[in-house]
Amino acid sequence: MTDVGEVLTRVHREEWARVVATLARRLGDLDVAEEMAAEAFATAVERWPADGVPPNPGAWLTTTAHRRAIDRLRREVRREEWHREALMLADTPEPLGAIDDDRLRLVFTCCHPALAMEARIALTLRMVGGLTVPEIARAFLVQEAAMGRRITRAKEKIRAARIPYGVPLREDLPARVTGVLAVLYLIFNEGYLASDPGKEAVRGDLTAEAIRLTRLVRALLPADGEVAGLLALMLLTEARRAARVSASGELVALGEQDRGAWDRDLIAEGHALVRARLATGQPPGRYQVLAAINAVHTDARDVRDTDWSQIVALYNQLVRLDPSPIVRLNRAIAVAELDGPEVALAQVDGLPLEGYHAYHATRAELLRRLGRSDESRAAYDRAIELAGNTAETAYLIRRRDQLARP
Amino acid sequence: MAQYLMSVLNETALPTDEEQAAIDVFNDRLRADGHWVFAGGLASPATATVVDGRDGDPVFTDGPYVESKEHVVGFWIIEAPHLDVALRLAALGSRHCNRRVELRPFLG
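Residue numbers (UniProt numbering), protein chains in the order written: chain Y, 1 to 406; chain L, 1 to 108.
Pasting the structure below:
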C-alpha cells in the first residue's frame, strides 16, 4: 500500500496527457477534458489505496473521466451539439494508434501560433505536462489567479476561434513544429537561466519538465531531425547543471566547471542523438547545430582539450542558418579561443546588442584578456546593470572586482 | 463551418488600382473555394456617425466612436472549417490588399 502514492505520481506523469488528449477528442472541448481528467485522478487518489491499482491505470482513468463527463452532461439542461455527439461517442472503441495521435493534436493545439507565447507555455505545461495552475504560477512567479485567467482566456480563444484540435495542414506543418519546439525551448531556458532576479538561478523542475515534454514530442515525431536536435541540446545542457552554480550560488563559466560533476548518462544519450542525426546526412537545422556544438564541449574531459576549430566551424554553419547578432556574439566567444581576443573583439564590437547583458559581459572578458582594464570594468558595470539572474550577477561582480585597480 | 470577420486595417482608406486588382483576384478565389460570404470597402472614418438610441431621442455624434491612427477600411466575412484555414485565408488576403487584417470569429 505504501507504494500507491508513488504509483499515482508515476501514472500522473505518464498518463495525464493521454487522458486529456483522448477526452478532448471525444468531447470536443479542452476545458471539460481537463476538468474531468483532474477529477478522475482525484478519484484514483481516493480509491486506489483501498481497491488497489487497476491493471491498466491509463484506461481506468480515461474511462472514469469519460463517465464523469457523461454524467455531468446528462445533468445539464442545455446541450449543445458537441454534448450530444459526446454522448453518442460514449463507448466507441479506440482505433489503433489514435491515442498517440491525440497527444500530438493536444501539443499542436496548445502551441498554436494564434495564442500569445506566454499562453502557449502555460497551456502546454497544464494540458500536456499536467502541472497544476499553482505550480505553473510559481514557476513563472505570476500570481495564481493571473495564471488561471491566462489559461482560461487561452481555452476560450481555442473554443471561440475554433483553433482546431488536430495535426496542422501539411503546408503549415514545418512552421508549426518549429513553433512547438520554440515553446519547449523557452520552458527549458526559463529553468536553465531564470530571467527574474527573484527566482532561483537554475530550476531543475522546469528543465526536467521541458525534457520530458520534448521526449514525448520526439516519440510522436521520431523522424524530425530538429526535434531530436532540441532533445540532444537539452540533455547536453542539463548534464552540466550540477556544475553550473557554485555552492555560494554563483554561476560557474563553462571553462571553470568541475567536469567530473557532469552527468555522463545524459551526455552519452545526447551524443548518441547527435551521432544519429549526423549519420542521416541530412542538412541540420538550428537545434541540431547547437546540439553538435554542445556535443563538442561535453566531449572534452578538460577545457584545454576542447576542439575550438570544430566549434567555430559549427558556429559558422549556425550563422548561415541564423545570422542574428546573438549567434554572431556566441561565435565570437569561440573565435577568441581559436584566434585570440583581438580578432574576437573586432567581431563583437558594433553588434547591435547594447541592451543585452551577455554582449557587455563578453566584451568585458575580451578587454580583460587584452589588458584594457578600465574599458573592461565599464563593460562589467553595464553587464551587471542589465543581468537579471542572481547567480550570473554574482559571477560578473566577482570577475569585475578581480580586475587590477587603476 | 464557422464564420470569421476579417477587418482590413490601414491609415488611408483607398486601395491603389494595383491593390484593387489583387483584391479582385483574391475575391474570385474566395468564391471559387466556397469561403466567400460578404465583403466591402468602407468610406473614411470622418464620414461616420455615432448613434445612441438607448435613451429616448437618439443622439447623433459626428465622427467615428474612437479616434485612432489606424481604422477598419474594409472587411471580408469568410467561412472556414476552423482557424487554421481562416488564418491562411487572412494571410493571403493581407498580402493581396497589402494591409494588415484582424481576424475575429463570429459567436456561435
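Where is the CB? At the ideal position from N, CA and C, for every residue including glycine.
Item to complete: Establish whether the CB of residue 75 of chain L and some CB of chain Y are separated by less than 7 Å.
Response: The residue labelled residue 75 of chain L in the question sits at position 75 within the second sequence. For residue 75 of chain L, the answer is no, since every Cβ of chain Y falls outside 7 Å of its Cβ.
Discussion item. Which residue marks the beginning of the alpha helix (DSSP H) containing residue 18 of chain Y, and which one marks its end?
Written reply: The sequence position of residue 18 of chain Y within the first sequence is 18, counting from 1. Residue 18 of chain Y -> alpha helix (DSSP H) spans 4 to 27.
Discussion item. Strictly below 7 Å CB to CB, what residues from chain L border residue 172 of chain Y?
Written reply: Position 172 of the first sequence, counted from the first residue, corresponds to residue 172 of chain Y. The answer, in chain order, is 84.
Worksheet entry | Close Cβ partners of residue 7 of chain L (< 6 Å) along its chain, the five nearest in sequence each way excluded | As a position in the second sequence, residue 7 of chain L is number 7, starting the count at 1. Contacts found: 72, 75 and 102.
Item to complete: May I ask you to report which of helix, strand or coil DSSP gives residue 287 of chain Y?
Response: Counting from 1 along the first sequence, the entry for residue 287 of chain Y is found at position 287. Helix at residue 287 of chain Y.
Item to complete: Scan the stretch 85 to 102 of chain L for residues whose Cβ lies nearer than 9 Å to a Cβ of chain Y and list them as they occur along the chain.
Response: 85, 86, 87 and 88
Worksheet item: Going by Cα to Cα distance, which pick from Y/232, Y/130 and Y/246 is closest to residue 290 of chain Y?
Response: Counting from 1 along the first sequence, the entry for residue 290 of chain Y is found at position 290. Looking at the Cα atoms, Y/232 is the closest of the given residues.
Worksheet item: Can you tell me whether DSSP reads residue 310 of chain Y as helix, strand or coil?
Response: As a first step, residue 310 of chain Y must be located in the first sequence, where it is residue number 310. Residue 310 of chain Y falls in the helix class under three-state DSSP.
Fill in: chain L residues whose Cβ lies nearer than 8 Å to that of residue 160 of chain Y
Within the first sequence, residue 160 of chain Y is the residue found at index 160, counting from 1. The answer, in chain order, is 105 and 107.
Worksheet item: Can you name the residues that DSSP bridges to residue 187 of chain Y?
Response: Here residue 187 of chain Y refers to the residue found at position 187 of the first sequence. The partner list for residue 187 of chain Y (beta bridge, DSSP) is empty, contrary to what the question assumes.
Worksheet item: Looking at the unbroken beta strand (DSSP E) that takes in residue 76 of chain L, where does it start and where does it end?
Response: Residue 76 of chain L sits at position 76 when you count from the first residue of the second sequence. Where residue 76 of chain L is concerned, the enclosing beta strand (DSSP E) stretches over 71 to 80.
Item to complete: Indicate whether residue 367 of chain Y and residue 375 of chain Y have their beta-carbon atoms separated by less than 7 Å.
Response: Against the first sequence, residue 367 of chain Y aligns to sequence position 367. Against the first sequence, residue 375 of chain Y aligns to sequence position 375. Going by C-beta atoms, residue 367 of chain Y is nearer than 7 Å to residue 375 of chain Y.
Item to complete: Return no unless some Cβ of chain L is closer than 7 Å to the Cβ of residue 104 of chain Y.
Response: Position 104 of the first sequence holds residue 104 of chain Y. Output row for residue 104 of chain Y: interface = no.
Practice prompt. Verify the CB distance criterion: does residue 169 of chain Y have a CB-CB separation below 7 Å to chain L?
Written response: For the purposes of this step, residue 169 of chain Y is taken as residue 169 along the first sequence, with counting starting at 1. Chain L contact via Cβ: present.
Discussion item. Rounding to the nearest angstrom, what Cα-Cα distance links residue 388 of chain Y and residue 254 of chain Y in this structure?
Written reply: Taking the first residue of the first sequence as position 1, residue 388 of chain Y is located at position 388. Taking the first residue of the first sequence as position 1, residue 254 of chain Y is located at position 254. The alpha-carbon atoms of residue 388 of chain Y and residue 254 of chain Y are separated by roughly 19 Å.
Discussion item. Closer than 7 Å between beta carbons: that is the criterion. Which residues of the UniProt domain "YCII-related" (15 to 91) of chain L meet it against chain Y?
Written reply: 82, 83, 84 and 87
Worksheet item: What are the partner residues of residue 52 of chain L, as DSSP defines its beta bridges?
Response: Along the second sequence, read from residue 1 onward, the residue named residue 52 of chain L stands at position 52. The partner list for residue 52 of chain L (beta bridge, DSSP) reads L/59.
Worksheet item: Where does residue 105 of chain L sit, in a helix, a strand or coil, going by DSSP?
Response: As a first step, residue 105 of chain L must be located in the second sequence, where it is residue number 105. If DSSP states are grouped into helix, strand and coil, residue 105 of chain L belongs with the strands.
Practice prompt. Report back the beta-carbon spacing between residue 332 of chain Y and residue 347 of chain Y to the nearest angstrom; my notes put them in contact at under 8 Å.
Written response: Counted from its first residue, the first sequence places residue 332 of chain Y at position 332. Counted from its first residue, the first sequence places residue 347 of chain Y at position 347. Between residue 347 of chain Y and residue 332 of chain Y the Cβ distance is about 4 Å, and since that is below 8 Å, they are a contact.
Practice prompt. Closer than 8 Å by C-beta to residue 163 of chain Y: which residues in its own chain qualify, once you throw out the five before and the five after it? Chain order, please.
Written response: Translated into positions along the first sequence, residue 163 of chain Y becomes position 163. Within the same chain, residue 163 of chain Y has close Cβ partners 109, 112, 114, 115 and 157.
Worksheet item: Which residues bound the beta strand (DSSP E) around residue 37 of chain L?
Response: The sequence position of residue 37 of chain L within the second sequence is 37, counting from 1. Here the beta strand (DSSP E) through residue 37 of chain L covers 36 to 41.
Practice prompt. Could you give the DSSP three-state label for residue 94 of chain L: helix, strand or coil?
Written response: One-based indexing of the second sequence puts residue 94 of chain L at position 94. Correct three-state label for residue 94 of chain L: helix.
Item to complete: Starting from the C-beta of residue 6 of chain Y, find all residues in its chain whose C-beta is less than 7 Å away, skip the five residues before and the five after it, and write them out in chain order.
Response: Taking the first residue of the first sequence as 1, we reach residue 6 of chain Y at position 6. Excluding positions up to five away in sequence, the list is empty.
Practice prompt. For residue 344 of chain Y, collect the residues of the same chain with a Cβ closer than 6 Å to its Cβ; drop the 5 residues on either side in sequence, then sort them by chain order.
Written response: In the first sequence, residue 344 of chain Y corresponds to position 344, counting from 1. Taken in chain order, the residues that qualify are 332, 335, 336 and 366.
Practice prompt. Count the other CB atoms, across all protein chains shown, that sit within 10 Å of the CB of residue 402 of chain Y; report buried if there are 16 or more and exposed otherwise.
Written response: As a position in the first sequence, residue 402 of chain Y is number 402, starting the count at 1. So residue 402 of chain Y counts as exposed.
Worksheet item: Does the stretch 391 to 400 of chain Y touch the stretch 54 to 66 of chain L, meaning 3 or more C-beta pairs lie closer than 8 Å?
Response: no
Item to complete: Starting from the Cα of residue 35 of chain L, find the closest Cα among L/22, L/93 and L/100 and give me that residue.
Response: Working through the second sequence from its first residue, we reach residue 35 of chain L at position 35. Closest by alpha carbon: L/93.
Discussion item. Using beta carbons (cut-off 7 Å, strictly below), is residue 121 of chain Y in contact with chain B?
Written reply: The structure shown contains no chain B; its protein chains are Y and L.
Worksheet item: Touch check for the stretch 54 to 74 of chain Y and the stretch 13 to 22 of chain Y: three-plus C-beta pairs under 8 Å?
Response: yes
Discussion item. By the DSSP assignment, the beta strand (DSSP E) with residue 20 of chain L in it spans what residues?
Written reply: For the purposes of this step, residue 20 of chain L is taken as residue 20 along the second sequence, with counting starting at 1. Run containing residue 20 of chain L: none in the beta strand (DSSP E); it sits in the alpha helix (DSSP H), 17 to 32.
Item to complete: Step through the CB atoms of chain L and report whether any lies within less than 7 Å of the CB of residue 326 of chain Y.
Response: In the first sequence, counting from the first residue as 1, residue 326 of chain Y sits at position 326. For residue 326 of chain Y, the answer is no, since every Cβ of chain L falls outside 7 Å of its Cβ.
Item to complete: Look up residue 83 of chain L in the DSSP assignment and say whether it is helix, strand or coil.
Response: Here residue 83 of chain L refers to the residue found at position 83 of the second sequence. The answer is helix: DSSP assigns residue 83 of chain L an H, G or I state.
Worksheet item: Is residue 359 of chain Y helix, strand or coil when you go by DSSP?
Response: Position 359 of the first sequence holds residue 359 of chain Y. The answer is helix: DSSP assigns residue 359 of chain Y an H, G or I state.
Worksheet item: Is the stretch 206 to 221 of chain Y in contact with the stretch 129 to 136 of chain Y, if contact means three or more CB pairs nearer than 8 Å?
Response: yes
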